[in-house]
Each structure stands twice: as structure tokens, then as C-alpha cells.
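Everything below concerns the one structure shown next.
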Amino acid sequence: MSQASDLSTPSRRAKVTKPAAAKAVSPDEPTPPCFVRKLRKAAVGTGCDIRLRVSVLGNPEPKLRWYRNKEPLPPNEAQDPGGLWIRDCRTCDAGLYTCVASNTLGEATSSAVHRLVDASPELTTLTWLKLAFGVKRALAVLLAFEKTEAQAR
């Protein structure tokens with residue numbers, strides 16, 4: 001057989017099958033946590049409010065724990081079964097947020113980055129300037145601003 005005819009001969013092909021149907025689960029059947037709605041990355045302006053939302057299934061009902069930059073956030077009234085409210089966002093609120101859902105059968109995690117888009121620069125230096133010779137009255141101030149770490153990203 002020539003090389004040309006080898007190229008025209010169909011090769012074995014993998015059998016394509018449909019994925020197996022998902023197993024129907026009884027509402028009373030114990031299941032580990034599973035995120036139906038995961039965290040999404042978010043960008044918000046300084047001073048604005050944002051709600052980071054999740055939806056989790058599991059039996060027994062999963063408990064949610066929240067983290068910012070791998071540090072646990074204390075439980076408070078801003079946390080609800082479906083998310084976390086961040087009010088009056090500041091530079092320190094930017095970072096990687098993680099929600100951990102856990103029950104007796106296991107845990108699941110979802111993470112997303114929250115960033116500020118219009119954070120004001122921080123004043124780093126305030127310097128009084130000397131008056132030029134011959135100027136009787138003037139106010140001269142030099143202000144120096146730097147971008148914060150969150151703005152530099």
C-alpha cells in the first residue's frame with residue numbers, strides 16, 4: 001500500500017457518547033456542599049457598597065465561612081445565607097475573597113478577586129516651599145501623592 005493511500009484510509013475514531021444522566025438525588029439524601037452560584041470577580045468604586053453572592057446546596061445545610069486574603073472574616077450582620085455585604089468600600093477591602101461551605105460530608109470553596117477601580121491616591125508628603133525673593137505674600141504648598149498597592153495592580 002502506498003503512503004498516499006494510507007493517508008486517505010480512515011483511522012480508528014473514538015466513540016463519542018453522551019454523558020451519563022445525572023443521578024436524581026432525594027432532598028433528604030445527605031450530600032456534601034456544592035456551589036450552584038460561585039463567587040464572581042468584582043470591581044467597585046471607593047465608598048460604594050457591594051454584595052458578594054453565592055448559592056450552595058448540601059444536606060445537612062452547609063455553613064458558610066468567609067475569608068479575605070486567606071484571613072477569616074468575623075461573622076457579623078453583613079453576612080447572610082446568600083452572600084456578604086461590603087459597605088462603604090475602602091482600599092483595605094480589596095483582595096481575594098473566599099467562601100468555604102462545609103457540612104458533615106465535606107466542604108467546597110469558591111474564590112474571586114474584589115478590586116477598587118477609582119481609589120483616590122494617598123497623600124504621602126506635604127512640603128512648604130520658600131517664597132521667591134521679592135514676593136510679598138504667597139502660599140506655596142507641594143503635595144505628593146502615590147498610588148496604593150491596590151491601585152498599582
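Using full-length UniProt numbering, read the sequence shown as starting at 1 and increasing by one per residue.
Beta carbons are placed, not taken as given, at the ideal position from N, Cα and C, and that holds for glycine.
| Check | Outcome |
| --- | --- |
| Reduced DSSP category for CYS99 - H, G, I as helix; E, B as strand; rest coil | strand |
| Straight-line Cα distance separating ALA42 from residue 188 | In the structure displayed, the chain extends from 1 to 153; residue 188 sits before or after that span and is not available. |
| Beta-carbon spacing of LEU84, LEU57 below 8 Å | no |
| DSSP-derived helix/strand/coil call for ASP49 | coil |
| Three-state secondary structure assigned by DSSP to THR91 | helix |
| Whole-angstrom distance between PHE35 and CYS48, CA atom to CA atom | 27 Å |
| Sequence-distant residues of its chain with Cβ nearer than 8 Å to ILE50 (five each side left out) | ALA42, VAL44, TRP85, ILE86, CYS89 and HIS114 |
| Segment limits, beta strand (DSSP E) that includes LEU39 | That residue, LEU39, is in no beta strand (DSSP E); it is neither H nor E in DSSP. |
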